Each structure stands twice: as structure tokens, then as C-alpha cells.
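Report on the following structure.
Residue numbers (this note's numbering): 250 to 484.
Printed below as a string of C-alpha cells:
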């Protein structure tokens, strides 16, 4: 089944039974600063975030790594279907056991790690379970992301808001910006984007964030500009 993102500019075929990317992937891509260099995505899935990033930024080159061989193949097919194979490539790799080719600095790194920790019952589908539960490895995801980020570059991730403390404990004390995504005005955030700038000495900042929905559940104009028009978040 294919889904359209960024007002139809990006078409992504996703797994029928496994994890399916959506708003989080688009917001993650929108958080990456403008660059004409290389960007690395850890845990690329079907490639939604990488493809949205490449659609937003014409000069960027993206490398997406995915441990699931079927998803890595699907992501490559999606890149070809969107006509951007030359700028976006995917490979089957375990981010915790990277070959030498990927142990180098990238201008920016992004990841949407598994949604849950080790709590709860795992999904019956093994691939979906791996995508949804990290088994306590969230600090490891963040460590790998930071290690692969060049000096002055950024590492960006999107998480459940209630995992913010867990993430901050694993990140540097400085150079961090927390960007909340509010479901609607006056409601507690359910997602946060965290961006770490490598080598920065700036104190931790909590940004104003973005309100996603109006009271009638339609998107706010600001959210619409990101989700449909491809505007960046400007973190």
C-alpha cells in the first residue's frame, strides 16, 4: 500500500503488516537544517523520513541504514519510484555493528528510534516488534547518532514526550534543543524532537514547539505548512 506525503510530492510504499511511518517521519525530516552535505538516517524503515528530507532539500545526499532486509529493499525501491536514487541510498545494516564505510562523520544524523522501551507486550510480527520496542537500547541509539555527527553538525531524533528524561540523561548537557509537538493548544505534548549540535556550548533550550491541530481536529496552518508544503521547522 502506498501513501503520499508533502502534498503528494513523495510517494512511499509501506509494509502491509509491519510498522508504518507517518507524521513523526515528516516532522523529523523537517527538523534537519539546510545542508548541501551528507545526512545519515539510522533505522530508515521504508525510507519515509529520508525521502521527505530529499524532497525538501534539493542539494542534500542521504544514506539510510535499516536492519530489516525487506524494509531496506523496499526503501531502495521507494527511492527509485520517486526518481531520487542518485541522492538517496539505503543499505541493510545493524546500527550497533556498522562497517567501516559508515563509521565516518556526517553533516547531520537523524533517527526515529523504536517508540517504546522494553515495557509492554511485543507485537506478534517480529519486524513490527523490532520497530516498536527498543529493549532498553535508546541510549545506544543516541550514542551512535552522536558519534556519527560531524563537529558543528546536528543529531536529531523524535521520541515520545514521556521518554524525554531518559534521552536527556544519555545526551550532552549543552547544545541541546527540545522542540515539543503539541496535539492542540493547552494539551500536553505527546512527541518531542530533540536536536543536539555537536560541539556546541549553548545551554539546553526548550523551544516553543508546534501546535498540530485546531479544536476541530484539522491541522493548524503552521502544521499544514510543514506536512503538506514542505516547510522546515527551523529548530
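By construction, the Cβ of each residue, glycine as well, lies at the ideal position given by its N, Cα and C atoms. Remember, it's a predicted structure, so these values are computed and weren't measured experimentally.
Neighbour-count burial assignment, residue i, 16 or more Cβ in a 10 Å radius
| i | result |
| --- | --- |
| residue 317 | buried |
| residue 350 | exposed |
| residue 455 | exposed |
| residue 276 | buried |
| residue 315 | buried |
| residue 298 | buried |
| residue 345 | exposed |
| residue 325 | buried |
| residue 463 | exposed |
Residue i versus residue j: straight-line alpha-carbon distance, rounded
| i | j | result |
| --- | --- | --- |
| residue 295 | residue 264 | 8 angstroms |
| residue 444 | residue 438 | 17 angstroms |
| residue 329 | residue 274 | 19 angstroms |
| residue 267 | residue 450 | 40 angstroms |
| residue 371 | residue 385 | Only weak support exists for where residue 371 lies, its pLDDT of 49 falling under 50; the coordinates are left without a value. |
| residue 301 | residue 415 | 28 angstroms |
| residue 285 | residue 323 | 26 angstroms |
| residue 362 | residue 270 | 12 angstroms |
Which residues DSSP lists as bridging residue i, in chain order
| i | result |
| --- | --- |
| residue 427 | 443 and 455 |
| residue 340 | 314 |
| residue 433 | 462 |
| residue 468 | 462 |
| residue 398 | 355 |
| residue 251 | 262 |
| residue 408 | 441 |
| residue 403 | 357 and 446 |
Cβ-Cβ distance between residue i and residue j below 8 angstroms
| i | j | result |
| --- | --- | --- |
| residue 398 | residue 355 | yes |
| residue 406 | residue 417 | no |
| residue 279 | residue 481 | yes |
| residue 304 | residue 258 | yes |
| residue 310 | residue 283 | no |
| residue 403 | residue 357 | yes |
CB contact check: residue i to chain B, cutoff 8 angstroms
| i | result |
| --- | --- |
| residue 393 | The structure shown contains no chain B; it holds only a single protein chain. |
Practice task
For the segment 275-316, list the alpha helix (DSSP H) runs that are entirely contained and at least 4 residues long, ordered along the chain.
Solution key: 297-305
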